[in-house]
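Chemist:
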Amino acid sequence: MDVLDISRWQFAVTTVYHFLFVPLTIGLSFLVAGLQTAWLRTKAERYLKLTKFFGTLFLINFALGIVTGIVQEFQFGMNWSAYSTFVGDVFGAPLALEALLAFFLESTFLGLWIFGWKKLPPKVHLACIWVVAVASCLSAYFILAANSFMQWPTGHTVDPDTGRAQLTDLWALLTNKVALITFPHTIAACFLTAGAFVLAVGMWHLVRRTDDDTDTRRAWRTAIRLGAVTTIIAGVAVSVTGDIQGKIMTETQPMKMAAAEALYETQAPASFSIITIGSLDGTEEVWSLRVPGLLSWLGSGDVNAEVGGINDIQAQYVERFGEGDYRPNIPLAYWSFRGMIGLGFAAIALAVACLWFTRRDHTPHRRWWIPVIVALPLLPLAASSLGWIFTETGRQPWVVFGLMTTADGVSPNIGVGDALTSLIAFTGVYATLAIIEALLLLRYIRAGLPDPTTADTPTY
Numbered sequence: 020m021d022v023l024d025i026s027r028w029q030f031a032v033t034t035v036y037h038f039l040f041v042p043l044t045i046g047l048s049f050l051v052a053g054l055q056t057a058w059l060r061t062k063a064e065r066y067l068k069l070t071k072f073f074g075t076l077f078l079i080n081f082a083l084g085i086v087t088g089i090v091q092e093f094q095f096g097m098n099w100s101a102y103s104t105f106v107g108d109v110f111g112a113p114l115a116l117e118a119l120l121a122f123f124l125e126s127t128f129l130g131l132w133i134f135g136w137k138k139l140p141p142k143v144h145l146a147c148i149w150v151v152a153v154a155s156c157l158s159a160y161f162i163l164a165a166n167s168f169m170q171w172p173t174g175h176t177v178d179p180d181t182g183r184a185q186l187t188d189l190w191a192l193l194t195n196k197v198a199l200i201t202f203p204h205t206i207a208a209c210f211l212t213a214g215a216f217v218l219a220v221g222m223w224h225l226v227r228r229t230d231d232d233t234d235t236r237r238a239w240r241t242a243i244r245l246g247a248v249t250t251i252i253a254g255v256a257v258s259v260t261g262d263i264q265g266k267i268m269t270e271t272q273p274m275k276m277a278a279a280e281a282l283y284e285t286q287a288p289a290s291f292s293i294i295t296i297g298s299l300d301g302t303e304e305v306w307s308l309r310v311p312g313l314l315s316w317l318g319s320g321d322v323n324a325e326v327g328g329i330n331d332i333q334a335q336y337v338e339r340f341g342e343g344d345y346r347p348n349i350p351l352a353y354w355s356f357r358g359m360i361g362l363g364f365a366a367i368a369l370a371v372a373c374l375w376f377t378r379r380d381h382t383p384h385r386r387w388w389i390p391v392i393v394a395l396p397l398l399p400l401a402a403s404s405l406g407w408i409f410t411e412t413g414r415q416p417w418v419v420f421g422l423m424t425t426a427d428g429v430s431p432n433i434g435v436g437d438a439l440t441s442l443i444a445f446t447g448v449y450a451t452l453a454i455i456e457a458l459l460l461l462r463y464i465r466a467g468l469p470d471p472t473t474a475d476t477p478t479y
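Just so you know, this note's numbering puts 235 at position 216 of the sequence shown, and the rest follows in order with no gaps.
Below, the structure written as structure tokens:
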């Protein structure tokens, strides 16, 4: 392996691991805010218990997310200094807005919410967690705007003297059409993840603890209903926004769409691949089962539209950008795309099943539901991770589409030993953090609902 391969692996490991925390943090912040709102309006004790219970889990996840996210910024200078030099004047603007505005609001008001029980007026305290939730979305938007520049560069010029990209239009950068659809798609996935998590925790307590009092069981049923409905609605939103995102992707990055479908030759109408078997090197199709016209509709909304194939797009890119191989890893793009969709729909199906089998105060049999409970929070997390793997690897060989290749973005002054050492170190630290996260979450989940008479419980 060379420095480029090691640097890509390091960024992949740290980024995918960090993103395990992001969707749960964003989605759970809104659900906790909703539970506290319900408690303030109804004064029902179960809502207070659920607020404090899931609020604790939210804080654990938030803290680990901060720790793992800090590493991302260091990597731009450590492993990708050439990329940082080229794009820093553009990339720095949304990152600065995220840190100075969104994260400032998020961290400040989260502190007020943590320490404000019984110290702030009830509506002010409630407003704090809502500010945290909205700020988390704002933070996500700025990050996605920066990433969308890498997918479809806008609002910039390249200085011919320095060879660096310069920001010319901040509004164009923030309203990049890729960002405008990636944001709702990502936020919907966050709610899908958080809903599945709340549902799984509620189901685990319901099927495991048959000796609980009526009020406690009612609280867990409330969590189940909230989690299941959130998962189902979010699943619909993910599907709708994903469809729009597919059409934008076909327009801006046709090679990525072609790779997602293992479509080697241009077709009109283009068929959707249910399953495709390719050659071992991923350069040609051996056999496939396809649905005629469906890819044309997914790519443009017209069942008869033409969709470019990998070979034709490769030829176009050679003519446009010069000699080179502009094809991503076809098997990786193809299967990560299908894994993302399949696991997401599996989470929705399990949420529907949980909602159905817990109706009318029914308690499912424990033995049959444990595998479902374990799978529920993992499915959307895996789907989100595969979605980002597809997004980033499907763009290859570009680190900034059409402007800089990934090979040109790697730091020129680091050796294989340096890169390998940092990869091993980060992977080891992140593995340790994963164990800590799992142990903390399981400990507080097992503890169950908190006692509402504790010292920090409000008496509004």
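Idealized CB from N, CA, C, for every residue including glycine.
1) Counting only C-beta atoms, is residue 424 closer than 8 Å to chain B at any point?
2) DSSP three-state label for residue 176, please.
3) I'd like to check one pair, residue 410 with residue 416: are the Cβ atoms closer than 8 Å?
4) Please state whether DSSP places residue 19 in a helix, a strand or coil.
5) Have a look at the DSSP bridge pairing and note the partners of residue 308.
6) From residue 48 to residue 147, what does the alpha carbon distance come to, in whole angstroms?
7) Can you list, in chain order, the residues of its chain with a C-beta nearer than 7 Å to that of residue 439? Leave out the 5 residues immediately preceding and following it.
8) Residues in the same chain with beta-carbon distance under 7 Å from residue 40, minus the five sequence neighbours each way, listed in chain order, please.
9) Out of 182, 375 and 137, point me to the one whose CA is closest to residue 104's CA.
10) Applying the criterion that 16 or more other CB atoms from any shown protein chain within 10 Å of the CB defines a buried residue, is residue 454 buried or exposed?
11) Spell out a yes or no on whether the stretch 28 to 44 and the stretch 185 to 202 are touching, meaning 3 or more CB-CB pairs, one atom from each, closer than 8 Å.
12) Which same chain residues end up closer than 8 Å to residue 135 when comparing Cβ atoms and leaving out the 5 residues on each side of it in sequence?
13) Counting only runs that start and end within the stretch 396 to 427, where is the beta strand (DSSP E) found for 3 or more residues in a row?
14) I'd like to know if the stretch 401 to 409 and the stretch 352 to 360 are in contact, where contact means that at least 3 CB-CB pairs between them fall below 8 Å.
15) Any idea what DSSP makes of residue 63, helix, strand or coil?
16) Report the three-state DSSP secondary structure of residue 281 (helix, strand or coil).
17) Of the choices 401, 168 and 386, whose alpha-carbon is the least far from that of residue 107?
18) Beta-carbon separation of residue 441 and residue 100 under 8 Å?
19) How is the alpha helix (DSSP H) around residue 139 delimited, first residue to last?
20) Report buried or exposed for residue 190, applying the criterion of at least 16 other Cβ atoms within 10 angstroms of its Cβ.
21) Here's a check: name, in chain order, each residue in its chain whose Cβ is nearer than 8 Å to the Cβ of residue 176, leaving out the five neighbours to either side.
22) Report the partner residues of residue 186 according to the DSSP bridge assignment.
23) According to DSSP, which residues form a beta bridge with residue 326?
24) Quick one: Cα of residue 376 to Cα of residue 20, how far?
Modeler: Here's the rundown:
1) In summary, chain B is missing from the structure at hand, where a single protein chain is found.
2) Taking the first residue of the sequence shown as position 1, residue 176 is located at position 157. Three-state DSSP puts residue 176 in a strand.
3) The residue given as residue 416 occupies position 397 in the sequence shown. The residue given as residue 410 occupies position 391 in the sequence shown. Against a cut-off of 8 Å, the Cβ pair of residue 410 and residue 416 comes out as no contact.
4) Only positions 20 to 479 of the chain appear in the structure, and residue 19 is not among them; the question remains open.
5) The residue you call residue 308 lines up with position 289 of the sequence shown. In the DSSP assignment, residue 308 forms a beta bridge with 294.
6) Position 29 of the sequence shown, counted from the start, is the residue given in the question as residue 48. Position 128 of the sequence shown, counted from the start, is the residue given in the question as residue 147. Taking C-alpha positions only, residue 48 is separated from residue 147 by approximately 11 Å.
7) To locate residue 439, count along the sequence shown from 1; it is residue 420. Excluding positions up to five away in sequence, the list reads 25.
8) Translated into the one-based positions of the sequence shown, residue 40 becomes position 21. So the qualifying residues of the chain are 80, 83, 84 and 87.
9) Counting from 1 along the sequence shown, the entry for residue 104 is found at position 85. For residue 104, the nearest C-alpha among the options comes from 182.
10) Position 435 of the sequence shown, counting from 1, holds the residue named residue 454. By the neighbour-count rule (16 or more Cβ atoms within 10 Å), residue 454 is not buried but exposed.
11) Short answer: they don't touch.
12) Position 116 of the sequence shown, counted from the start, is the residue given in the question as residue 135. Contacts found: 143, 144 and 147.
13) Runs found: 417 to 419.
14) Short answer: they touch.
15) Reading the sequence shown from its first residue, position 44 is the one you call residue 63. Residue 63: coil per DSSP, three-state reduction.
16) As a working mapping, residue 281 is identified with position 262 in the sequence shown. Three-state result, residue 281: coil.
17) Translated into positions along the sequence shown, residue 107 becomes position 88. Checking every option, the nearest Cα to that of residue 107 belongs to 168.
18) Position 422 of the sequence shown, counted from the start, is the residue given in the question as residue 441. Position 81 of the sequence shown, counted from the start, is the residue given in the question as residue 100. Not closer than 8 Å, so no.
19) Taking the first residue of the sequence shown as 1, we reach residue 139 at position 120. Note, residue 139: premise wrong, no alpha helix (DSSP H); not H, not E.
20) Your numbering for residue 190 matches position 171 in the sequence shown. Residue 190 sits exposed, since fewer than 16 C-beta atoms from the chains shown fall within 10 Å of its C-beta.
21) The sequence position of residue 176 within the sequence shown is 157, counting from 1. Answer for residue 176: 184, 185 and 187, listed in chain order.
22) Counting from 1 along the sequence shown, the entry for residue 186 is found at position 167. Residue 186 has 175 as its beta-bridge partners, per DSSP.
23) In the sequence shown, residue 326 corresponds to position 307, counting from 1. According to DSSP, residue 326 bridges with 286.
24) By one-based count along the sequence shown, residue 376 stands at place 357. By one-based count along the sequence shown, residue 20 stands at place 1. Going by the C-alpha atoms only, they are around 51 Å apart.
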